[in-house]
Amino acid sequence: MQQAADQARKAIIDYRMIWRWHFYAGLVCLPFIIILSITGPIYLFKPQIEAAFDAPFDNLVFAGTAQPLSAQVRAAQAAVPGAVFKAVEIRANDHDAARVTLQKGGEKLRVYVHPQSLSILKQVAENDRFMAVVKTIHGELVSGRFGEVIVELAACWAIVMILTGLYLWWPRQARGLAGVLRPRFGLGKRIFWRDIHAVTGIWVSGFALALLISGLPWTFVWGSAFKEIRKLGQPAVTQSWTQGRASERAAAKAENQAPVNLSPLDGMADMARGMELPPPLILSAPAKGSLWKLSAEPGSPLERVSLMIEPQMLEVISREGFEDKKVVDQVVGVGIAAHEGRLFGWVNQLLGLLTATGLLTLCASAVVMWWQRRPKNSLGAPALLPDERLGPGLAVLILVLAVCLPVLGISLVAIALIERLILRRISAARAWLGLTT
1 MQQAADQARK AIIDYRMIWR WHFYAGLVCL PFIIILSITG PIYLFKPQIE
51 AAFDAPFDNL VFAGTAQPLS AQVRAAQAAV PGAVFKAVEI RANDHDAARV
101 TLQKGGEKLR VYVHPQSLSI LKQVAENDRF MAVVKTIHGE LVSGRFGEVI
151 VELAACWAIV MILTGLYLWW PRQARGLAGV LRPRFGLGKR IFWRDIHAVT
201 GIWVSGFALA LLISGLPWTF VWGSAFKEIR KLGQPAVTQS WTQGRASERA
251 AAKAENQAPV NLSPLDGMAD MARGMELPPP LILSAPAKGS LWKLSAEPGS
301 PLERVSLMIE PQMLEVISRE GFEDKKVVDQ VVGVGIAAHE GRLFGWVNQL
351 LGLLTATGLL TLCASAVVMW WQRRPKNSLG APALLPDERL GPGLAVLILV
401 LAVCLPVLGI SLVAIALIER LILRRISAAR AWLGLTT
């Protein structure tokens, strides 16, 4: 009897301790999860949104033939004195405006050129384009490197929130699917919102974890560490992703700023059109040396191809497709494509949209549940019990998470120090946070 009673009390202590972890994990990441769950779905539909924005520059009506692509690029350069040509999109329809990428200083510009009159239809900084702004909010909260670390911190705590939520959801005395896989109705508001929170959580948790983990290679701390690990035991190969928007901007500033000889451009454009590569096709000026780069950049990484071209002889020097990449790069590439909704078409986009909607539902229901049970003069976190201790299994799990997610580990140490050295010494803070035993 005593052993059963001890086990029951231990189960209660573990449950309340994990509930408190879940509460504080949600408190840390909830505002940021809301931002990411709004901007993420917008970015999922990047192809459709950008196609809508660019529609006025497609299928332009004019008599006669289009000017050579090199003339269109020169017209773009003339509109931005001092700018260096970086890339141009090879369009299948010669009645589409040329999309020319220039760089002036550390800023990249996109210039739309009428293919016959060579008039400038539009000029915009790449970072000011709508989807670039959405990406900047999503990846760094418009706060540079600091914002990237905050997003990474929120993502790490969101993983903790989901794992602890699964523990709390795990059915112990449930009978049937009600309250487990479907919400119960007619039992009062508290039961309803509890079920909405728990049931939504179990349905979206796997997809949410996949989104969070697949986004880690973009992050500053985790992504930089992963970049170094990736280099071990293999020749130096440039990775096909960057550690966030700040790294993208730094890479742009470091690119070759020398003027480019445009005379081979028309021959390479004709060559590219004859290769039957999946669109869009981007022809980029040499980053260094003399070789140009032709990139086929469809949504799926399985179809993407990069070719290095010798411009004078129009000879393909090298070709790299998905099958030529290292296994780790293939895995990351597939993960990133799934994260962005590019891996398997509209189904991928729909799954991402439903997952984001589920996360917003979790955030809303969490706030409602807290509001319903909020006590006076207290935050409402589950109170610390007198004999509460970390069990060996939970301690090992925390250690593994702290090692695998360095930002999480650093934040755990910081929280522990602040709690023990400051908050526990202030009676009002101790009571408000539920640290009183």
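1 is the number of the first residue of the sequence shown in UniProt numbering; add one for each residue after it. From the three backbone atoms N, C-alpha and C, an ideal C-beta is built for every residue, glycine too.
*Kindly indicate which residue of A25, L399, L359 and G105 has the alpha-carbon position closest to the one of F85.*
G105
*Helix, strand or coil at R304 [DSSP, three-state]*: coil
*Supposed close pair residue 438, A71 - CB separation, criterion 8 Å*: With the chain covering only 1 through 437, there is no way to say anything about residue 438.
*Which residue or residues does DSSP assign as beta-bridge partners of Q103?*
V84 and K108
*Identify whether Q48 lies in helix, strand or coil by the three-state DSSP scheme.*
helix
_Sequence-distant residues of its chain with Cβ nearer than 7 Å to V142 (five each side left out)_ = T136
*Please confirm whether L211 and M271 have their CB atoms less than 8 Å apart.*
no
*Smallest Cα separation from D94: which of A78, G82, A63 and R74?*
A63
_Beta-carbon separation (whole angstroms), E107 vs A125, contact threshold 8 Å_ = 6 Å
*Classify Q330 as helix, strand or coil using the three-state DSSP reduction.*
helix
*Let me know the secondary structure DSSP gives I282 once reduced to three states.*
strand
*Looking only at its own chain, which residues have a Cβ that is under 7 Å from the Cβ of V334, when we skip the five neighbours before and after it?*
P301 and L343
*Is G165 helix, strand or coil when you go by DSSP?*
helix
*asked:* My output table needs one value for V368: the three-state DSSP class, helix, strand or coil.
replied: helix
*Please specify which runs of the alpha helix (DSSP H), each continuous and at least 4 residues long, are wholly inside the segment 315-361, giving them in chain order.*
327-339
*Taking the alpha-carbon positions, what's the L405 to K326 distance?*
23 Å
*Hey, could you find the ends of the beta strand (DSSP E) I398 is sitting in?*
It is not in any beta strand (DSSP E) - I398 instead sits in the alpha helix (DSSP H) that spans P392 to C404.
*asked:* From the DSSP secondary-structure annotation, give me the bridge partner or partners of L294.
replied: L283 and L307
*Expressed to the nearest angstrom, what Euclidean distance is found between the alpha-carbon atoms of I309 and F322?*
18 Å
*Near F226, which residues of its chain fall below 8 Å by C-beta distance, leaving aside the five closest residues on each side in sequence?*
L216 and P217
*Does DSSP classify A55 as helix, strand or coil?*
helix
_Given this structure, state the Cα-to-Cα distance separating V199 from A337, to the nearest angstrom._
28 Å
_Looking at the secondary structure, which residues open and close the beta strand (DSSP E) in which V124 lies?_
I120 to A125
*How about M34 and C363: do their beta carbons lie closer than 8 Å?*
Looking at the sequence itself, residue 34 is Ile, so the reference to Met does not match. Yes, the pair counts as a contact, with Cβ atoms nearer than the cut-off.
*Alpha-carbon spacing of R304 relative to V400, whole angstroms*: 35 Å
_Other residues of its chain near A97: CB distance less than 7 Å, five sequence neighbours each side excluded_ = F57, L60, Y112, V113, H114, P115 and L121
_Closest residue to E340 among L307, S37 and K10 (Cα-Cα distance)_ = S37
*Residue of A431, Q330 and W370 minimising C-alpha distance to S378*: A431
_If you reduce the DSSP assignment to three classes, tell me which class V260 lands in._
coil
*Take V328 as the anchor and find which of K376, G139 and R230 has the nearest alpha-carbon.*
R230
*State the CB to CB distance for the pair L291 and L283, rounded to an integer number of angstroms; the pair is presumed to be in contact (CB under 8 Å).*
At roughly 12 Å, the Cβ-Cβ gap does not stay under 8 Å, so L291 and L283 are not in contact.
*Out of curiosity, what's the CA-to-CA distance linking Q330 and V403?*
24 Å
*On the three-pair Cβ rule with 8 Å, is the segment 16-27 touching the segment 155-164?*
yes
_Candidates I202, G289 and P298: closest to I317 by CA position_ = G289
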